[in-house]
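Worksheet for the structure shown next.
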Amino acid sequence: MTKKELRAAMRKQTLGMTPAERAEASRRIFGRAGRLEAFGAARTVGLFCSLSDEPDTAEALVQWGAVKRIVVPRVEGDVMRFYEYDPQTLRPGAFGIAEPGPAAQLCGPSEIDLMIVPGTAFTASGVRCGRGRGYYDKYLSQPGVKAVKVGVCFACQLIGELPAEPHDVAMDYVITD
417 MTKKELRAAM RKQTLGMTPA ERAEASRRIF GRAGRLEAFG AARTVGLFCS
467 LSDEPDTAEA LVQWGAVKRI VVPRVEGDVM RFYEYDPQTL RPGAFGIAEP
517 GPAAQLCGPS EIDLMIVPGT AFTASGVRCG RGRGYYDKYL SQPGVKAVKV
567 GVCFACQLIG ELPAEPHDVA MDYVITD
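Its first residue numbered 417, the sequence shown is counted upward by one per residue in my numbering.
Next up, the structure:
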């Protein structure tokens with residue numbers, strides 16, 4: 417299966433979940449992530465504003481935002497940067513994803529202690545297949561990035577093996593429901 421075919425198959429499976437199944441699976445995923453020792457030690461957590469085929473981050477953004485500094489990505493051309501999370505300033509950005517507005521405070525890559533990373537598929541060993549544009553791989557390979565990398569996905573997105581390319585950044589943990 418090509419990466420394009422894999423992405424289509426995974427999207428079909430995740431979009432086939434009922435809203436109740438997705439909500440419960442998302443609660444389990446982010447509950448597990450929140451119990452990681454690395455989460456407890458983190459001051460700044462990179463999270464994402466989810467799309468309909470990803471684990472829903474809405475509850476985690478609120479809950480974690482009460483106890484941690486949360487930063488979320490904004491796509492700017494062919495690069496991604498992380499900014500302070502403020503739900504009042506989010507606006508539709510690249511690819512229809514909610515992003516911080518223009519006045520948001522930039523967060524440097526070295527400030528993020530824990531990065532929660534979405535993907536279309538993962539292996540248990542941390543190999544990740546993203547959406548194909550390489551934003552997370554580029555971001556996580558920057559000098560100064562020290563974040564613990566946690567891939568999050570639904571159980572159906574955890575597969576036996578994926579082709580890894582030299583530029584792919586592996587996850588330190590992969591968490592499913």
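Ideal Cβ positions, reconstructed from N, Cα and C, are used throughout, including at glycine.
Of the listed residues the options, nearest to residue i (C-alpha basis)
i	options	result
Thr539	Ala520, Val590, Arg427 and Ala424	Val590
Glu421	Phe570, Val495 and Thr536	Thr536
Arg507	Gly481, Gln573, Cys465 and Leu431	Cys465
Ala510	Ile528, Pro489 and Val533	Pro489
Val461	Ser468, Asp469, Ala476 and Glu470	Ala476
Gly517	Val487, Ala424, Ala482 and Ala474	Val487
Ile532	Met417, Tyr555, Ile575 and Arg423	Tyr555
Thr434	Ala454, Arg459, Ala458 and Asp469	Asp469
Trp463	Arg423, Val478, Arg547 and Arg451	In the sequence as presented, Trp is not what sits at residue 463; that position holds Leu. Out of Arg423, Val478, Arg547 and Arg451, Val478 has the C-alpha closest to the C-alpha of Leu463.
Thr418	Pro559, Ala482 and Gly546	Gly546
Gly493	Ile528, Trp480, Arg549 and Leu522	Arg549
Ala454	Ala474, Ile528 and Leu578	Ile528
Leu530	Arg451, Ala474 and Ile575	Arg451
Spatial neighbours of residue i in its chain, beta-carbon cut-off 7 Å, leaving aside the 5 residues before and after
i	result
Asp588	Gly542, Val564, Lys565 and Val566
Arg448	Ile591
Tyr551	Val491 and Met496
Ile445	Pro471, Val568, Ile591, Thr592 and Asp593
Ala439	Asp472
Gly481	Tyr501
Residue i - partner residues in DSSP beta bridges
i	result
Val527	A quick correction: the sequence has Glu, not Val, at residue 527. For Glu527, which the question treats as bridged, DSSP gives no partner whatsoever.
Arg547	Per DSSP, none; premise fails for Arg547.
Leu522	Tyr499
Arg507	Glu515
Ala537	Cys545
Within-8 Å CB hit, residue i to chain C
i	result
Asp469	Of the chains in the structure shown, none is chain C; there is only one protein chain.
Cβ neighbours of residue i in the same chain (closer than 8 Å, five flanking residues each side left out)
i	result
Ala586	Ser541, Gly542, Val543, Arg544, Lys565 and Ala580
Gly512	Leu467
Gln573	Met426, Gln429, Thr430, Gly535, Thr536, Ala537, Phe538 and Thr592
Ala520	Arg490, Tyr499, Glu500, Asp502 and Thr505
Residues near residue i by beta carbon distance below 6 Å, same chain, minus five either side
i	result
Val561	Pro525
Ala514	Cys465 and Leu506
His583	Asp553
Ala441	Phe570 and Asp593
Arg443	none
Arg423	Thr536
Query raised in the report: Whole beta strand (DSSP E) runs in the stretch 433-505 with 3 or more residues, listed along the chain?
Result: Taking only runs of at least 3 residues, the beta strand (DSSP E) segments lying wholly in the stretch 433-505 are 460-462, 485-492 and 495-500.
Query raised in the report: Can you list the beta strand (DSSP E) stretches of 3 or more residues lying completely in the stretch 540-592, in chain order?
Result: You should have 564-568 and 589-591.
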